[in-house]
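Heads up: the sequence shown runs through residues 59 to 261, numbered per our numbering. Encoded as structure tokens, the structure appears first; notes follow it.
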Amino acid sequence: MIKLGLTGSIGMGKSTVAKMFADLDVPVWDADEVVHRLYATSQPLKDKLCDAFGVILKDNSIDRARLSEILKADPSKFAVLDAIVHPLVREDRAAFMEGHANEALVIADIPLLYETGSEKNLDYVLVVSAPPEVQKARVMARPGMTEAKFNDIVSRQISDTEKRRRADFLILTDQPLETTRAEVAALHTKLLSGHIDKSDQSD
59 MIKLGLTGSI
69 GMGKSTVAKM
79 FADLDVPVWD
89 ADEVVHRLYA
99 TSQPLKDKLC
109 DAFGVILKDN
119 SIDRARLSEI
129 LKADPSKFAV
139 LDAIVHPLVR
149 EDRAAFMEGH
159 ANEALVIADI
169 PLLYETGSEK
179 NLDYVLVVSA
189 PPEVQKARVM
199 ARPGMTEAKF
209 NDIVSRQISD
219 TEKRRRADFL
229 ILTDQPLETT
239 RAEVAALHTK
249 LLSGHIDKSD
259 QSD
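Structure representation (structure tokens):
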């Protein structure tokens, strides 16, 4: 089984590329989806977060808006949050990989892949990217997004330039959707062929 990490900064088109792989019947593990599920269903996680941040439940689920306010007021608490959440997320990923051990290719969709050192547990990393002006326009079009919020999110992520430098593969999304889909299909074929060399990979 080839474990391909998929990452990219906010607004780069990572979710679109993940869906394209899913359309090719590649199992996709989605870190964001797992965190949302854990916030809603994991009682041990709820207990630990309430111990660390106070009562932050809403309808018996973690109140993400309230948690976000706490983190914005004291960014040092991100380390506390990560120490609580990341081990559970890693356990879920390991279980997913084990459950799909017979698959030829599995995708791990991880927004903070490099920030969390997750590349160590993967065979390759695909970075999805677009020019800064395209990225900003996409993100600012989201409901409730402000420039301050956008800048805050970007400031907590490794730069797109650094992600590109570290990547094994790179797909740009400032192009027609079908062009991106064709590049995904080509990479899918290449990975399954088992013939990957340095000339195939990004600089």
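Glycine residues also receive a C-beta, built at the ideal position from the N, C-alpha and C atoms. In this text the structure is predicted, and so the values were computed from the model without any measurement.
Listed in chain order, the non-local C-beta contacts of D150 below 7 Å within the same chain comprise V92, local neighbours out to five positions each way being set aside. Beta bridge pairing from DSSP links A166 with G63 and W87. Three or more Cβ pairs closer than 8 Å define a contact, and the segment 88 to 108 meets that threshold against the segment 138 to 147. Residue burial is scored here from C-beta neighbours: K116 has fewer than 16 other C-beta atoms within 10 angstroms and is therefore classed as exposed.
Between the segment 236 to 245 and the segment 190 to 203 there are fewer than three C-beta pairs closer than 8 Å, too few to call the two in contact. Residue ranges of uninterrupted alpha helix (DSSP H) with 4 or more members, entirely inside the segment 78 to 129 and ordered along the chain, are 89 to 99 and 101 to 111. In the assembly as shown, D109 is an exposed residue. Its beta-carbon has fewer than 16 other beta-carbons within 10 Å. Assigned with DSSP and collapsed to three states, S176 falls in helix.
Setting aside the 5 residues that flank it on each side, F136 is surrounded in the same chain by L129 and R214, each with a C-beta closer than 8 Å to its C-beta; the list follows chain order.
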